[in-house]
Each structure stands twice: as C-alpha cells, then as structure tokens.
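Asker:
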Amino acid sequence: MERRRCIELIYPELEDKVVVTIMGACAQELYDLGHRESFFYLQHAMGLASSIGLGIALHRPEERVVVLDGDGSVLMNLGTFATIARYAPSNLVHVVFDNGSLLSTGGFETHTTSGLTDLAGIARAAGIAHVAHTDDEMTFGEAMIEAFERDGPSVVVARVKAVGPDHYGMDLHLPENAFRFARYLSDRRQS
Amino acid sequence: MTVSYENSKAVYEGIRAAGIRSVSALPETWLGLLLQRIGDDPEMRLVQVTKEEEAVGVAAGAHFAGEPHLMLMQNHGFLAAINGIVSLAQLYHVPLCMLIAVRGHFGEPYPWHTRGGNVTEEVLRALDIPFERARDPARVARQIREGYTLSRSSLWPTALLLTRDLMEDYP
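Chains as they are written, first to last, in our numbering: chain H, 86 to 276; chain L, 342 to 512.
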C-alpha cells in the first residue's frame, strides 16, 4: 500500500474537515491533489502535528480534525497518544502512515522498520479506545469511514511503502499557510 | 519553602482578567496552587501535556482555532520546548504567551535547578523572545495581559518569568 493512494482515497472526504499534516512527502502528496484553505502543512517541528490537531479539536468541537502523521514524527512525541487519550476529543482522527523510514531525510530506518515496535499497540496502551492497524487499501478505507463517523478520537495506523513524490515544493509560504488556515477557521465560526 | 497561596491566586486572577480561558501546562511545584485553581474553574480548560514541546503544538492549535491561550511551564520545560518554539511558532508566526516558573536563581536551594537558572534569560535573548520578570503581585495581572497582548500583535512568543519573590512566601 502506498501513502499517496491512501491520501487519494480519503481526499474527497477531507473537503469539510480540518487537516494538519507532517512535513515532506505526506504534505506534498496532499498538496499535489489540490490545496484547500483547511489544510495546514507542518513543514518542521516534527512530532507536533497531532498536538496542533488536538489543540484545534478541543477548541472547535464542531469541526472534524484529521491529522496525517508519520512514524518518524510520532516517535518524536509518543506522549501525544497519552494526551489525546486523556482529553479524548470526539472529533479527532489521527492517521499515522508507518513507512518504517525517515524518507524525507534520506530514508534511514526508524524503530518501526523491523516490525518490532508497534505504533497501534502504543496508541492502544496509551488509552485510545479506537485504534486500527491497516496494511491494505480496503481495510484502510473502512477504518477511515468508521473513524469519520465515530464519536471519539481514533488512531489509524497505515503500514505503507517507503516511497514518496519525485518533487517537492509548494506555491505557499509557510506563514501564509498559517494565516490563511487561521482565517479559514475564523470564517467558519462566523458563518 | 512554601508556595505563595495569595500570589498564586493573583496570577490566576491575572490570567482570567486577560480574557484567557485555555491553558496548557506541565505541572511543577511553584505552579501547583495555580494549576489547582485553573483545574477547579469550570470556565477554564486545562490541557496537561507530557512534555513542554507538546504544549507548543496545543497552543498553535488553540491559536488557529481562535481561542486565547496561555502556556505554563518551568524554565527547564522551556528549554525542552525550544525546537517547537523555533520551528513552529517562530517559523509560522504563531503567537505564544508563556508563563515560566524560573527556578535556579538567587536563593535556589536545589542544585539540580542551578544550571537551567543560569542560562534561561540568555536563551530567551538568543531566541529574540521578549520577556519580563514578575516579582510584584500588584503588577503581575498587568504583566500577563501585556505579555499576551504583545504576543498577539507581534505574532511571536513572549515570556513572563515567575520569580521566587512572587511564587514563594518569604519565611
């Protein structure tokens, strides 16, 4: 399974949702499908995408928030699973694309490469009730549909190949992304 | 060492008076009474994090969501949060209003706080983060409001350093 395909599968469903992605391949693959004002790409500060998602989800319960995370990033902030479990926002879906690789920085193996470290298991043990582990498109799609419909935080770990786009770059400055993203959320509240 | 009940209350009231109802924190001794008050206040939301850098993400999320937010941490937690402060808040121009219990300055009895106490202000200067020391309970509410105001207008972190004078009763 490829992350690009997974993002393509859920892209139509993201139209009315708030999305926070990690850096690199994940951000690029979402951007290449077509940027929306509701997308925020965290191009640095690895590990914090899910914390941003948590902050939005807690303060905007009427929105559905989707975080597109990765194994390398989430391994830098494993505490996030415990914090999400503790505050349990009903509107947060945390997707972790586990490619077992620090792909964007040269493809070094991560702690999940061998399969020894189980991110879904860590999320479950942290106290998150709804955790799915998927390694094909069918089960990924089903897990995402359930997660979108569920009342409660979900973690979906998707085992994907360590492949990414052949190009990087966005016609979007980083602060511009932040300003427009905040503006989108502000306009949504007023409308 | 006794944490000041009255001055913890003054900080709490200052946070409320600044219009802030959302706080992220990693507990520490000087912040204990303050965090109890925040936790007991049904109008306030307290998000306890596992490490202070996580709070930078939560604070950014609150900002995007349009919610006034304040971060509470110890100075060693500030040191632990630096990459998030630099590579999220400063890179994307996200305001952070930080209240930092600054341990390890004059009067510090605990050896483990002393290195961090020596470097905190120099690190804040190196990061170009405006800061003030809070020593006087009569002024702390105003300092909280002003730190918050500056963070919002500059889209940049600000830090108010909660000192021993403020947070401990003098025996």
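A virtual CB, placed ideally from N, CA and C, is assigned to each residue, including glycine. It should be emphasised that the depicted structure is a prediction, and the values quoted were computed from it without experimental measurement.
1. Rounded to whole angstroms, what is the Cα-Cα separation between residue 202 of chain H and residue 422 of chain L?
2. Does DSSP put residue 128 of chain H in a helix, a strand or coil?
3. Just to confirm before moving on: does the CB-CB distance between residue 240 of chain H and residue 267 of chain H stay below 7 Å?
4. Could you check the C-alpha separation between residue 402 of chain L and residue 270 of chain H for me, to the nearest Å?
5. In three-state terms, what does DSSP make of residue 155 of chain H?
6. Going by DSSP, what residues sit across from residue 364 of chain L in a beta bridge?
7. Given a limit of 9 Å on CB to CB distance, which residues of the segment 386-417 of chain L reach chain H?
8. Looking only at DSSP bridge pairs, what is residue 473 of chain L linked to?
9. For the beta strand (DSSP E) containing residue 183 of chain H, list its first residue and its last residue.
10. Can you check whether the C-beta of residue 367 of chain L is within less than 7 Å of a C-beta belonging to chain H?
11. Buried or exposed for residue 101 of chain H, please, with buried defined as at least 16 other CB atoms from any protein chain shown within 10 angstroms of its CB.
12. If you measure from the beta carbon of residue 123 of chain H to each beta carbon in chain L, is any gap under 7 Å?
13. Determine the burial state of residue 508 of chain L: buried for a count of at least 16 other Cβ atoms within 10 Å of its Cβ, exposed for fewer.
14. Which runs of the alpha helix (DSSP H) fall wholly inside the segment 215-248 of chain H and span at least 4 residues, in chain order?
15. Output needed for residue 93 of chain H: all residues of its chain with C-beta closer than 7 Å, excluding positions within five of it in sequence on either side, in chain order.
16. Give, in chain order, every residue of the segment 151-181 of chain H whose Cβ lies closer than 7 Å to some Cβ of chain L.
17. What's the gap between the Cα of residue 227 of chain H and the Cα of residue 163 of chain H?
18. With distances taken from CA atoms, which of L:500, L:368, L:384 and L:439 is nearest residue 472 of chain L?
19. Could you check which residue in H:103, H:145 and H:250 has the C-alpha nearest to that of residue 109 of chain H?
20. Is the Cβ of residue 145 of chain H closer than 7 Å to any Cβ of chain L?
21. Quick one, which of L:346, L:504, L:450 and L:495 has its alpha-carbon nearest residue 470 of chain L's?
22. If the cut is a Cβ gap below 8 Å, which residues of chain L does residue 266 of chain H touch?
23. Would you verify that the beta carbon of residue 140 of chain H is, or is not, closer than 7 Å to some beta carbon of chain L?
24. Round the Cβ separation of residue 344 of chain L and residue 374 of chain L to the nearest angstrom and send it over; I've been treating them as touching at under 8 Å.
25. Any beta-carbon of chain H closer than 7 Å to the one on residue 425 of chain L?
26. Does DSSP put residue 150 of chain H in a helix, in a strand, or in coil?
27. Which of the residues in the segment 448-476 of chain L, read from start to end, lie with their CB under 9 Å from any CB of chain H?
28. Hey, does residue 260 of chain H have any beta-carbon neighbour from chain L nearer than 7 Å?
29. Given residue 448 of chain L, which residues of its chain have a CB within under 6 Å of its CB, disregarding the five upstream and five downstream residues?
30. Would a check of beta-carbon distances place residue 271 of chain H closer than 7 Å to chain L?
31. Given that residue 489 of chain L touches chain H, what residues does it touch there, using C-beta distances under 7 Å?
32. How do the segment 351-366 of chain L and the segment 480-488 of chain L stand: do at least 3 beta-carbon pairs fall below 8 Å, yes or no?
33. Is the CB of residue 511 of chain L under 7 Å away from at least one CB in chain B?
34. Let me check understanding here. Comparing Cα to Cα, which of H:86, H:87, H:125 and H:104 lies closest to residue 260 of chain H?
35. Report yes or no: is there a C-beta of chain H within less than 7 Å of the C-beta of residue 433 of chain L?
Answerer: To lay it out plainly:
1. 26 Å
2. coil
3. no
4. 11 Å
5. strand
6. L:387 and L:411
7. 386, 388, 389, 390, 391, 392, 394, 395, 396, 397, 398, 399, 400, 401, 402, 403, 404, 405, 406, 407, 408 and 410
8. L:501
9. 177-183
10. Residue 367 of chain L does not count as touching chain H.
11. exposed
12. no
13. buried
14. Residue ranges of uninterrupted alpha helix (DSSP H) with 4 or more members, entirely inside the segment 215-248 of chain H and ordered along the chain, are 222-234.
15. 118
16. 162, 164, 165, 167, 168 and 172
17. 25 Å
18. L:500
19. H:250
20. yes
21. L:495
22. Within 8 Å Cβ-Cβ: 405.
23. yes
24. 6 Å
25. yes
26. Look at residue 150 of chain H here: in three-state DSSP terms it is strand.
27. none
28. yes
29. 505
30. By this cut-off, residue 271 of chain H is an interface position.
31. What residue 489 of chain L touches in chain H: nothing, since even the nearest Cβ is about 16 Å away.
32. yes
33. Of the protein chains in the structure, H and L, none is chain B.
34. H:125
35. yes
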